[in-house]
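Shown next, in structure tokens, is the structure this report addresses.
4 protein chains.
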Amino acid sequence: MGNSFGKIFKISTFGESHGKGLGVIIDGCPAGLVIDEEFIRSEMQRRKPGQSKITTQRKEEDEFQLLSGVFEGKSTGTPIGMVIMNTDQKSKDYGHIADKFRPSHADFTYHEKYGVRDYRGGGRSSARETAARVAGGAVAKLFLKHFGIDIKAYVSQVGHLKLDTPYHKLDLSKIEDNILRCPDAKKAEEMIDYIDSIRKSRDTVGGVVSCVITGAPAGLGEPVFDRLHAELGKAMLSINAVKGFEYGSGFEGVSMRGSEHNDVFYTDQTGKTRTKTNHSGGIQGGISNGEDIYFKVAFKPVATIMIDQESVNEAGEAVTVSGKGRHDPCVVPRAVPIVEAMAALVLADYLLISRTNKL
Amino acid sequence: MGNSFGKIFKISTFGESHGKGLGVIIDGCPAGLVIDEEFIRSEMQRRKPGQSKITTQRKEEDEFQLLSGVFEGKSTGTPIGMVIMNTDQKSKDYGHIADKFRPSHADFTYHEKYGVRDYRGGGRSSARETAARVAGGAVAKLFLKHFGIDIKAYVSQVGHLKLDTPYHKLDLSKIEDNILRCPDAKKAEEMIDYIDSIRKSRDTVGGVVSCVITGAPAGLGEPVFDRLHAELGKAMLSINAVKGFEYGSGFEGVSMRGSEHNDVFYTDQTGKTRTKTNHSGGIQGGISNGEDIYFKVAFKPVATIMIDQESVNEAGEAVTVSGKGRHDPCVVPRAVPIVEAMAALVLADYLLISRTNKL
Amino acid sequence: MGNSFGKIFKISTFGESHGKGLGVIIDGCPAGLVIDEEFIRSEMQRRKPGQSKITTQRKEEDEFQLLSGVFEGKSTGTPIGMVIMNTDQKSKDYGHIADKFRPSHADFTYHEKYGVRDYRGGGRSSARETAARVAGGAVAKLFLKHFGIDIKAYVSQVGHLKLDTPYHKLDLSKIEDNILRCPDAKKAEEMIDYIDSIRKSRDTVGGVVSCVITGAPAGLGEPVFDRLHAELGKAMLSINAVKGFEYGSGFEGVSMRGSEHNDVFYTDQTGKTRTKTNHSGGIQGGISNGEDIYFKVAFKPVATIMIDQESVNEAGEAVTVSGKGRHDPCVVPRAVPIVEAMAALVLADYLLISRTNKL
Amino acid sequence: MGNSFGKIFKISTFGESHGKGLGVIIDGCPAGLVIDEEFIRSEMQRRKPGQSKITTQRKEEDEFQLLSGVFEGKSTGTPIGMVIMNTDQKSKDYGHIADKFRPSHADFTYHEKYGVRDYRGGGRSSARETAARVAGGAVAKLFLKHFGIDIKAYVSQVGHLKLDTPYHKLDLSKIEDNILRCPDAKKAEEMIDYIDSIRKSRDTVGGVVSCVITGAPAGLGEPVFDRLHAELGKAMLSINAVKGFEYGSGFEGVSMRGSEHNDVFYTDQTGKTRTKTNHSGGIQGGISNGEDIYFKVAFKPVATIMIDQESVNEAGEAVTVSGKGRHDPCVVPRAVPIVEAMAALVLADYLLISRTNKL
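Residue numbers (this note's numbering), protein chains in the order written: chain D, 1 to 359; chain U, 360 to 718; chain B, 719 to 1077; chain R, 1078 to 1436.
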């Protein structure tokens, strides 16, 4: 179990890295939504491998087929099924690790949990699985766009290099201007160079993706367990390689005093209740308050490195895992659309649920 | 919706701060478990207000009644229902804020979401709700104890004061030795003094709770969406005042290289597959690997301060919210048992689910 | 597990026949609903034992306490918790069957499933559990009433005595005019006499409850698995002693030809699309079509009889189960409000879900 | 929503009658199960159209592709994805009913619910959707076979022609010996002739499918709402054209007295607790008792007839719906494998859940 996400607007995914194909079913997408296939395709392009020198050189075309749930260009309210066939299977690449446990991969844990495992390219534990999420998330984005809700993620840290500027002082329209997906061109260059040097040393490094949601109405979130940020946190933590999540003031807010941290309410010119600051990150008591929602997601360094490593095999014998294949030196540039996709799925779901809150 | 947590071992809670009572139903607790009521009571004592000079002076006895699901001292497999009656209601205390939105509280968002709200003491958004979680979590702990799984949380930061010692170099048996629940006596004293000074300045401050789970077998966690750490993250983020969650190397792991961060496998003397380091925090690919599971939870400063604050009321008029009542200057000492309770609920649930993974 | 029902408007129940108490949590009831406690009380009176000579003479007052989720008479959108304390516990009555398996009761199956069981009065398998459903269903009824949806059930068969008149030729306002809850006074008398004779012979007999839902809009039901009638069927089959469910033409429809059975559409004077006949029972393709929804529920004869029966005990030894206690000779008069309660819960849930179907 | 079924062993389906394709994801199938593709294929053959003179002459090959979740012939515990491409789309056939509401079809209700609908062949409301269920159910059957649980359904009524012999007096190995799937050869012939005459009159007729589950252990079922027969009932009522469900003594049991109906326990030679009769249909208190589980499912006459019918269109105008296309005169022969598939899904799910009942 565990391969579905959402309550009303819900996705279920399937597929392994080197199996025949993968896919997603979106159940609960309201009827009447214009399904722009070109947009879905463009989102998948943002995630696909082989985009630039700082991503894996693996080629996957990620062509999806829309099989159901759409009629004459509009969603019908029935499940939207999409499949993506794997073309670049090359499973022979993986014979050398068939019975070895790669350090900090999921080989050992899948082996312990299931007994059987598809070792080719990590099977289900591969980030290839996120292609299905991006397809599902693209539909969620189309739904949100209809209601004026926009989601933008960007790279805010690579290794020790941080972009400290708060999101509202950045020009988020520039995110796609560089291969890193960082809106600060200068910082981006520095970070790209760093990733490139890491790549040359056959190593990998971690990073942080920040995300901003604008246009979300007040009232989204279902206390007490399904608080909006709790679901966003789960969504983000379910992405490969994620180690941490914080929203609003996050871990730094800990050091603040209540008198500094509290967001003071005022009435704006339009008569709307607003807050002067936004340490709350747009969420109070687990419910959106109409301000921008923002959060950060920490990604660890990719586990696959091009350097030989010690390990053990299924028989418990000491073995060497040698670095082979085509992998990302840093996951964050391609993680940006995945973070957005998962955020979109949460927002779409909670927007629908909020229709049931009042009489 | 949103008031249930878990898939098999599931709790549903109800109750407001100043209503007649609150409670919890535990559904899915396996039959045959010895239900030690004394233990449940002791867990609730750890959470209850009025414990020390650094917690609120409010008196709540938190006496629970066990209404069902237990026969001759053992769980029967049917739902375990527990209620806690509110005795210290004093709802008149709250008249002065009936139509005001307290800064960084949930007053405004509940108002927007539901239209109607119980303003007394924050109603459902009050941390009083966590009493029901602790009662449910205590039963989960009893279940886990049966399988040798132990959960210990402690305070590792208050404001800017950090306890940097990694958990395995601390003596976790000393957590309950001081009113802060910090295993380092010296640091604890410093932090207690700091909280006390904050309290005297009528302000509040945030903190961090760390948590360690020992004895969990490999194989817990349900990829891809219901990864073990994703569910733990959601559980923690669903607790009042939480702003961030990280496990294993967390946000710091971002700066590491893959070659440093990867946890190398080896075979120990007993033939068991182990890792030399534990940057993974006991979880790889979303599944426990048999090492200790550890994570951190960030709590913001309590929103209720004893200092007057500007705000607006339901009519959008500028008002002053004056600090009154009895509140915690820092939430972390009482958050320790809540973190443990939520972690126990996740582990109990996933332990049961793991029984269905193999043929 | 298995003690929650519903997706958005959801109830969770707990409690045994002879435990301290039972209760229900309603999660997902929209905010702003006037909660008429007097109405809830009156619904519970319709279910409670000791109402008449044809029901058990057991006395249970079924006084509920409303603990949460309601403020100043209105629902707040937070969980509504209600408890009913057991006053007439008399558990000594049950010592004689502690280790015996009563024929066609749940004693044996609970023993096999859980190992431990509360044998007093059937524990959780007792129809006492339905008190919590009626409390929850009463709130659902209040919600539905707000939207003009009305649910009426009545007794349409006792043993071999059938009321063959179709529901729309009956005066449903007369259901409560007799102790049987059958709108045909003459038939009712006959059936009451029959039950009374069965009671005197220390035996029991089965019956059928019919139910009609008026005022439901078109569009309720979630194909393909959560069709409206599938959920209604599950709801009814979850009631104690139910052996069958049919809607619309039901089992009799099998013998009809398509040309007879099809409900021809026409446009009525108001411009509304209607059907000339209603073999569909108001549901087509799993979705309500705006016509009356109707269905039947079959109840087996109560398993507890006042006649000695052979059986075995936990040790597998032959034993005699002697008829003792106070039980219903026929369950249907008291089943009427339970059928209504479960139907109300389904309708309330699906009405809320339907708000998410379109853009 | 509504397109997933099951809690642990769960299927999610997608696809319309005349879209590009349909499919199923099975999540929660335990790892290590040998996935016999030939068996899945043979199950789908039993459901596919064009099998005999008494089924529709439409040709659909129903070739499925297994895309994921299976490695080297065994399930891996990850989701099993299967797709079936539609080859015989001929959507031009349906232009004549694009804006008409066919009587007793789902055209009107889908229109009301979603606004948008794929009118070609009924879209999602078509029985074509059950192909995905049969594929999923075949995997569930393989799982159950591993534990000695067998499911056999057969036709027991067509129109007014009933096979009254109880299941245990029939030779169920003969079900597949005739095109009707009725184990009594003589009755089968009579029923086949009847269907053929109905077909010639361009009309349709209903029928009943009976089902027997042998080898199920005691202990399956999750009271109170998720009783085994409640879930079986929901599963059956979710199949197209189903109008009723009964198990054990069913509607006939209503007329019996408790003293007749009760199933007396005894200890058999092997020391096992058994019942002398089985009016309970193998389920007591919602939990299997180890005896055979049996139930009946009522199917209405197929709504598509070859006779002209009055109706209205989307504009509310009177129109004639003329009978065209290739349809089944009676649905039951092809419903047999669907009933089995849904029963298998319920049993597989509950077998897994039962692993969590005891400590």
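Glycine included, each C-beta is placed from N, C-alpha and C at the ideal position. Every value quoted in this text rests on a predicted model; they were computed, and no experiment measured them.
Beta bridge counterpart(s) of residue i as assigned by DSSP
i       : result
R/M1162 : R/G1098
U/G566  : U/V517 and U/F658
R/I1228 : R/I1290
D/F5    : D/I11
D/R257  : U/V564
U/I652  : U/I572
U/D477  : Looking at the DSSP assignment, U/D477 forms no beta bridge with any residue, so it has no partner.
D/S288  : D/I283
R/V1147 : R/S1152
R/N1390 : R/K1177
R/D1273 : Note: R/D1273 sits in no beta bridge, so no partner.
R/E1299 : R/D1303
B/Y984  : B/R992
Cβ pair residue i, residue j closer than 8 Å
i       : j       : result
B/T794  : U/R461  : no
B/G739  : B/V788  : no
B/C982  : B/T993  : According to the sequence as given, residue 982 of chain B is Val; it is not Cys. Yes; because the gap between Cβ atoms is below 8 Å, this pair is in contact.
B/G933  : B/E1058 : no
B/F969  : B/V1015 : no
R/I1174 : R/V1379 : no
D/H18   : D/R124  : no
D/T204  : U/G607  : no
U/G641  : U/Y625  : no
R/P1300 : B/G720  : yes
U/I510  : U/I439  : no
CA nearest to the CA of residue i, picked from the options
i       : options                               : result
B/G724  : B/I1071, B/K771 and B/E908            : B/I1071
U/F423  : U/V671, U/Q404 and U/L501             : U/Q404
B/E778  : B/N804, B/S786 and B/F757             : B/N804
U/F373  : B/E756, B/L785, B/K766 and B/G1041    : B/L785
R/N1366 : B/G971, B/G999 and B/H829             : B/H829
R/L1238 : R/D1261, R/T1155 and R/P1107          : R/D1261
U/R586  : U/E619, U/D555, U/V571 and U/Q643     : U/Q643
R/R1403 : R/D1248, R/Y1171, R/Q1234 and R/A1208 : R/Y1171
U/V613  : D/V332, D/Q309 and D/T267             : D/V332
D/E129  : D/K74, D/G115, D/A348 and D/M342      : D/M342
U/E673  : U/G592, U/H527 and U/D458             : U/D458
U/K504  : U/E549, U/V393 and U/E548             : U/V393
Close beta carbons around residue i, own chain, < 8 Å, minus the five adjacent residues each side
i       : result
R/L1422 : F1082, G1083, F1086, I1088, R1210, G1213, G1214, A1217 and A1312
R/V1413 : R1123, A1230, Y1231, V1232, I1252, R1258 and V1286
B/I1086 : The structure shown does not extend to residue 1086 of chain B, since chain B is modelled only from 719 through 1077, so no value can be given for it.
D/Q383  : Residue 383 of chain D cannot be examined here, being either before or after the span of chain D that is shown, 1 to 359.
Beta-carbon neighbours of residue i, restricted to chain E and to distances below 8 Å
i      : result
U/N537 : Of the protein chains in this structure, namely D, U, B and R, none is chain E.
Contacting residues, own chain, Cβ-Cβ under 6 Å from residue i (five flanking each side not counted)
i      : result
B/E949 : V1064
D/D107 : F101
U/A486 : N599
B/G746 : I726, F727 and K728
Own chain partners of residue i with C-beta closer than 7 Å, once the 5 adjacent residues on each side are dropped
i      : result
D/G165 : For the record, residue 165 of chain D in the displayed sequence is Thr; it is not Gly. Excluding residues within five positions, the ones whose Cβ falls inside 7 Å are D184.
D/L163 : S156, Q157, C182, D184 and K187
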